[in-house]
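Peer 1: Chains as they are written, first to last, in the numbering used here: chain A, 36 to 685; chain B, 36 to 685.
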């Protein structure tokens, strides 16, 4: 019997996720009736390949068996478990006991000899030599030689090779999607390209190229741009979401499509498609992936509205149904009707949009509100695109209920935005991250934590001052393997909301150009740079697994450690969650999770400040003043010089 | 999307279990992309039936929906969830918001009117009248009438009836086996029929008939008999498992088969098949089911050994392979080779054994060591037999590793022996029962707790004296809905082991006749009788669900409560686990699980002693001397007379 093969999502309906080069541990409950000795292997292959890779599984107690698959290339794999009864191993195990107890009889040896004879026709010459030698002893009258032959190690090895796996059972096949490392460990920077030029002027891709050193210099991997397409003019919104735009207002980039084109066109003010290609090339030169925003919706003057009225929901009065969230109305946005009669053509056209940008060298997409589009569309669209391009990365922007977020991740999205922006206090932070890490969600969903976005200026950031931004940055960059900021609003600590009780920015870049003073002395740029370097240099920060919270004696101090699956160093983070006051207290380390024994002394080295402290078992004191530093990011160093290390000890 | 339909065992590979008349609560995660209003129903039917029963499901928060199926008859059912988008409900919900905000436009009414028109061809005359009236209003110019029609309750009801379930999705079908109530709530008594006669004489079924009033009088439902077949003479064991039997030794009933016959024959000394039929009839008259022991193995002189040598494993020297657990050898037992070439004939013959006894009126079987027989055999055998006889009950005697025990339950066994005999201390008892009740195991496995069996005289019973037997009886009868004792050894507190460190009885009835003094003044018969009556009178003790442990300030006091799924009274049990000393301390009640508010006073009424105590919130004092009583079985009575209940309060 094979039961409970893990990892497994929804009984195998959806693949689990890993990144290239990882070793995936697989466990299964394997057992049989009776007392026969069992063997089990884990097998796996890239989907579509003929041959299986195999690795033996080991019994780990309580009928749980464990094996490991090395996932060497990108793509979708299948994996499963095969288990069977090994008659020779059974016989050998029983003979060991009988010989030890002195109750082995001639017929017992004959039972084994019969197995050897049955295996002989399958043997190579070398194997046959081993079989022949042992058979002679088993058939002979010399008791010592018989016993020795029965337990001969070479014989056991040959019989294992010749094993025909009788009564083999095979688990249902499961799947794992193997993504590039960037899917697991990434640092994102979002910015509006039109705002990076001279004050008051609509910037271009060429201006953005000049900004690349700034972004890359901070250590980001992904530069994510809001939609770069022509912006609709019908019902265009003005600054601060004003219902009417003035003639020279730029409009929202998410109102996609105008007479200049739709989802495969570039806004003329940004430049040409050739300029975009140049940007993508230049970004790569800086180690940056350009991420495009995929917002599958249309402005009323999007060319498809006229060309394909059948893709939109028509109202009885002949008008097109615009987006609504009653009683709110969004007349500047027409949703596509994913379930319309012409859905095949619509779905195909939408996938073509992605194919177009893939052909232009884009590999990373941030998908706008995927939960308001047909779920089956995403599974089909992402699934088929990744067949040819397993390196693609899709970030799901679904700030919605947990089960919908989870479903989108299961359907194929590579990363997902999270509730991180609204988890500020210790208890809620611990609860949320514990749920993410311990409920099995990480098998299919990779969180990407954003302290801010153009839609989300949290009350914490509005009220916390510069220290508030530091705290949120520190948490995002260390709690999660992937995080992002919307800049330069973030590093410049832009905190003004459009009005009390709103999370919208005042003078939001969504509706107007902004100009940012990147050289402000208050910029968090140096902290961002340092954190991103620490992230690159320390593997524990590159994984969402291995997170463990530790107790603190003060409600305002949060303490957690991270370790990488391969082991090695531990990172220990302590953050003062209160941006307004200094706090001090003790952290209560669960040392075994850091690989430290009960009586050991060790050094914690703050990678932010450079300070070093000698700590030991149990409680250690921490004082953090947000005016000076929001937290510590320690690497735990275990090698300390003791009296034994010096000559005079001898 | 429908996810996570519960209850569910291994993704639907195995059925869950319920008993007839129960309402099965089913939950599922149901959600859709976008913001459409959803509806969902639970549906179920007896497997093979054409028509589905349906019950609406209600959203219970966090996208979990809940419904309930009434399982009225015995047998195997299918169940599943259907969910769909309800366009009219969506429109009505949005219109409520638009009307409240004063933003409803003519086209909004026209959208709804179009839905009514589309539904009209499907309407009955009565429904059409409602549709027509509302349509007139919706199409009209009277704003108030339009708004009223949009939200009309009759219209909503008619549209729900005419709903065509667009985009309906259906979950995979799951199965539930509905057993008789006895499967859930049963009290078993095991005894050796040959020992119930006059001293030194092999008793008969006729003698056993005379013993029925004794067993039924104690309140048992099931009288379970070790094998009643002819006993092998070859390699027969003597008293206390002596390797050689003397000519007049009776042998072990589990060494089945001799020249007089095999699994469908009756031991001549017990009587004839007609005598057995008489016993079954008489037992029914006393409210007792006769349970037979099914031990699928053969003595060397079982007729099948000669008739069907192909059903046994032959050794190279031409002898039959006897049972082994190296280095131990059981030459008196030949196992069947379930994987032999003639397995179809063997399996069929073994199932015929059950069919034979079913035809003789037996409905309850205790299966000996099922984990050493082929698992697929059991799934096929029990599954096919229950198609015609859904009332059958199979108790699995598999004292083996947890995953094997669970698998046997999944494969079809109705009840299972448990590790209860070896859970004596508070912590291990709480841990074991919590695991049983909270891990989902109860969905497929029904525990049957035995403090002793002919194979198991635990160290606790060997050392605990009469009080030890009382404690174990009290726990078995109240922790579990099903329990059993092997008597008269149990009620007479037989505690002598064959030797130090063994759980075997001295002079075990497995190998010899015994005579018991049922009228001993020390018999636990009265306590057994009282406990079985309490079990019958108090529904909380008839369910394994609803068990909750409560804290005590003393390690030796165990406290737990039980409630039935339908609610009603609670039973509260306190047991002194130490048979040697009196203990006292406080129990710390989690009152909300008893349906009692924080400040309430209540009465606990000991159903064993008749004593009543006034208790209230928090800690209450208990003192238990095992010389007087091992524990309390309280019913919690909430109605107390307070000052308000008397005239003079006014």
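C-beta: ideal position from N, C-alpha, C; glycine also.
Please report the straight-line C-alpha distance between residue 487(B) and residue 588(B), rounded to a whole angstrom.
Peer 2: Start at 1 with the first residue of the second chain, and residue 487(B) comes out as number 452. Start at 1 with the first residue of the second chain, and residue 588(B) comes out as number 553. Approximately 29 Å between the Cα atoms of the pair.
Peer 1: Are the CB atoms of residue 578(A) and residue 516(A) nearer to each other than 8 Å?
Peer 2: For the purposes of this step, residue 578(A) is taken as the residue at position 543 of the first chain. For the purposes of this step, residue 516(A) is taken as the residue at position 481 of the first chain. Their beta carbons are under 8 Å apart, which means residue 578(A) touches residue 516(A) by this criterion.
Peer 1: Please give the ranges of any alpha helix (DSSP H) in the region 285–363 of chain A, keeping only runs that are unbroken, at least 4 residues long and fully inside the region.
Peer 2: With a minimum length of 4 residues, the continuous alpha helix (DSSP H) runs that stay inside the region 285–363 of chain A are 308–320 and 338–342.
Peer 1: In the region 428–460 of chain A, which residues sit with their C-beta less than 8 Å from some C-beta in chain B, listed in chain order?
Peer 2: Listed by position along the chain: 436, 437, 438, 439 and 442.
Peer 1: When you compare the CB positions of residue 428(B) and residue 399(B), do they come within less than 8 Å of one another, or not?
Peer 2: Position 393 of the second chain holds residue 428(B). Position 364 of the second chain holds residue 399(B). Yes. Within cutoff.
Peer 1: Using a Cβ cut-off of 8 Å, pull out every chain B residue sitting near residue 350(A), in sequence order please.
Peer 2: Position 315 of the first chain, counted from the start, is the residue given in the question as residue 350(A). The answer, in chain order, is 142, 145 and 146.
Peer 1: Could you check whether residue 300(A) and residue 271(A) sit closer than 8 Å to each other, using their CB atoms as the reference points?
Peer 2: As a position in the first chain, residue 271(A) is number 236, starting the count at 1. As a position in the first chain, residue 300(A) is number 265, starting the count at 1. No, they are not a contact pair.
Peer 1: Among residues of its own chain, excluding the 5 on either side of residue 206(A), which ones have a beta-carbon nearer than 6 Å to its beta-carbon?
Peer 2: Sequence index remark: in the first chain, residue 206(A) carries index 171 (1-based). Result list for residue 206(A): 37, 40, 115 and 116, in chain order.
Peer 1: Comparing alpha-carbon positions, which option in 165(A), 465(A), 224(A) and 632(A) lies nearest residue 594(A)?
Peer 2: To locate residue 594(A), count along the first chain from 1; it is residue 559. Comparing Cα-Cα distances from residue 594(A) to each of 165(A), 465(A), 224(A) and 632(A), the minimum goes to 465(A).
Peer 1: Below 8 Å, how does it come out for the region 611–621 of chain B and the region 642–649 of chain B: are there three or more Cβ pairs, yes or no?
Peer 2: As far as the Cβ criterion goes, the region 611–621 of chain B does not touch the region 642–649 of chain B, which means the pair count is below three.
Peer 1: Compare the C-beta of residue 193(B) with all C-beta atoms of chain A and state if any pair is closer than 8 Å.
Peer 2: Here residue 193(B) refers to the residue found at position 158 of the second chain. Residue 193(B) does not count as touching chain A.
Peer 1: What does DSSP give as the partner residues of residue 403(B) in its beta bridges?
Peer 2: Your numbering for residue 403(B) matches position 368 in the second chain. Residue 403(B) is bridged to 432(B).
Peer 1: List the residues of chain A that residue 36(B) touches, going by C-beta distances under 9 Å, in chain order.
Peer 2: Start at 1 with the first residue of the second chain, and residue 36(B) comes out as number 1. Those within 9 Å of residue 36(B) in chain A are 410, 438, 439 and 442.
Peer 1: What do you reckon, are the CB atoms on residue 671(A) and residue 629(A) nearer than 8 Å?
Peer 2: Counting from 1 along the first chain, the entry for residue 671(A) is found at position 636. Counting from 1 along the first chain, the entry for residue 629(A) is found at position 594. Closer than 8 Å, so yes.
Peer 1: Give me, in chain order, the residues of the same chain whose beta-carbon lies closer than 6 Å to that of residue 386(B); leave out the 5 immediate sequence neighbours on both sides.
Peer 2: What you label residue 386(B) is simply residue 351 of the second chain in a count that begins at 1. Here the set comprises 416.
Peer 1: Going by DSSP in three states, residue 194(B) sits in which element: helix, strand or coil?
Peer 2: By 1-based counting over the second chain, the position of residue 194(B) is 159. DSSP places residue 194(B) in helix when its eight states are reduced to three.
Peer 1: What residues from the region 119–140 of chain A come within 7 Å of chain B, judged by C-beta to C-beta, listed N to C?
Peer 2: The region 119–140 of chain A vs chain B, Cβ under 7 Å: 129, 132, 133, 136 and 138.
Peer 1: Does DSSP put residue 39(B) in a helix, a strand or coil?
Peer 2: The residue given as residue 39(B) occupies position 4 in the second chain. Here residue 39(B) sits in strand by DSSP.
Peer 1: One question on the structure: do residue 119(B) and residue 74(B) come within less than 8 Å of each other, judged by their Cβ atoms?
Peer 2: Position 84 of the second chain, counting from 1, holds the residue named residue 119(B). Position 39 of the second chain, counting from 1, holds the residue named residue 74(B). Going by C-beta atoms, residue 119(B) is nearer than 8 Å to residue 74(B).
Peer 1: In the DSSP assignment, find the unbroken beta strand (DSSP E) run with residue 597(B) in it and report its ends.
Peer 2: If you number the second chain from 1, residue 597(B) lands on position 562. Where residue 597(B) is concerned, the enclosing beta strand (DSSP E) stretches over 592–599.
Peer 1: Across the region 274–290 of chain A and the region 541–557 of chain A, are there enough close Cβ pairs to call them in contact, namely three or more that are closer than 8 Å?
Peer 2: They touch, by the three-pair rule.
Peer 1: Identify each residue in the region 91–121 of chain B for which the Cβ-Cβ distance to at least one residue of chain A is less than 8 Å, and report them in chain order.
Peer 2: Against chain A - using a Cβ distance shorter than 8 Å - the residues of the region 91–121 of chain B are 97 and 98.
Peer 1: Per the contact definition of three or more C-beta pairs closer than 8 Å, is the region 181–191 of chain A in contact with the region 156–171 of chain A?
Peer 2: Touching, yes.
Peer 1: To the nearest angstrom, report how far apart residue 79(A) and residue 51(A) are at their CA atoms.
Peer 2: Counted from its first residue, the first chain places residue 79(A) at position 44. Counted from its first residue, the first chain places residue 51(A) at position 16. Answer to the nearest angstrom: the Cα atoms are 13 Å apart.
Peer 1: Closer than 7 Å by C-beta to residue 133(B): which residues in its own chain qualify, once you throw out the five before and the five after it? Chain order, please.
Peer 2: Along the second chain, read from residue 1 onward, the residue named residue 133(B) stands at position 98. Counting only Cβ-Cβ distances below 7 Å, and skipping sequence neighbours, we find 139 and 143.
Peer 1: So what does DSSP say about residue 607(B), is it helix, strand or coil?
Peer 2: One-based indexing of the second chain puts residue 607(B) at position 572. It is a strand residue.
Peer 1: Run through DSSP, which three-state label would residue 31(B) get?
Peer 2: Any answer about residue 31(B) is impossible in this case: the structure gives chain B only from 36 up to 685.
Peer 1: Answer with yes or no whether the minimum CB distance from residue 184(A) to chain B is below 8 Å.
Peer 2: As a working mapping, residue 184(A) is identified with position 149 in the first chain. Output row for residue 184(A): interface = no.
Peer 1: Just how far apart, CA to CA, sit residue 556(A) and residue 527(A)?
Peer 2: Residue mapping note: residue 556(A) aligns to position 521 of the first chain, counting from 1. Residue mapping note: residue 527(A) aligns to position 492 of the first chain, counting from 1. Cα-Cα distance, rounded: 9 Å.
Peer 1: Give me, in chain order, the residues of the same chain whose beta-carbon lies closer than 8 Å to that of residue 87(B); leave out the 5 immediate sequence neighbours on both sides.
Peer 2: As a first step, residue 87(B) is located in the second chain; it is residue number 52 there, counting from the start. So the list reads 78, 79 and 80, once near-sequence residues are dropped.
Peer 1: Are there 16 or more other CB atoms within 10 angstroms of the CB of residue 453(B), so buried, or fewer, so exposed?
Peer 2: Indexing the second chain from 1 puts residue 453(B) at position 418. Counting Cβ neighbours within 10 Å, residue 453(B) comes out buried, since at least 16 surround it.
Peer 1: Please identify the residue among 286(B), 348(B), 397(B) and 377(B) whose C-alpha is closest to the C-alpha of residue 326(B).
Peer 2: For the purposes of this step, residue 326(B) is taken as the residue at position 291 of the second chain. Of the candidates 286(B), 348(B), 397(B) and 377(B), the one whose C-alpha sits nearest the C-alpha of residue 326(B) is 397(B).
Peer 1: Taking any Cβ of chain B, which residues in the region 46–58 of chain A have a Cβ under 7 Å from it, in chain order?
Peer 2: The region 46–58 of chain A vs chain B, Cβ under 7 Å: 46.
Peer 1: How would you label residue 259(A), buried or exposed, when you count the other beta carbons within 10 angstroms and need 16 or more for buried?
Peer 2: Against the first chain, residue 259(A) aligns to sequence position 224. Residue 259(A) is buried by the Cβ-count criterion.
Peer 1: Is the shortest distance between the beta-carbon of residue 252(A) and the beta-carbons of chain B less than 8 Å?
Peer 2: For the purposes of this step, residue 252(A) is identified with residue 217 of the first chain, where counting begins at 1. Cβ-Cβ to chain B under 8 Å: no for residue 252(A).
Peer 1: Measure the beta-carbon distance from residue 612(B) to residue 506(B) and round it to whole angstroms, keeping in mind my assumption that it falls under 8 Å.
Peer 2: Against the second chain, residue 612(B) aligns to sequence position 577. Against the second chain, residue 506(B) aligns to sequence position 471. At roughly 6 Å, the Cβ-Cβ gap stays under 8 Å, so residue 612(B) and residue 506(B) are in contact.
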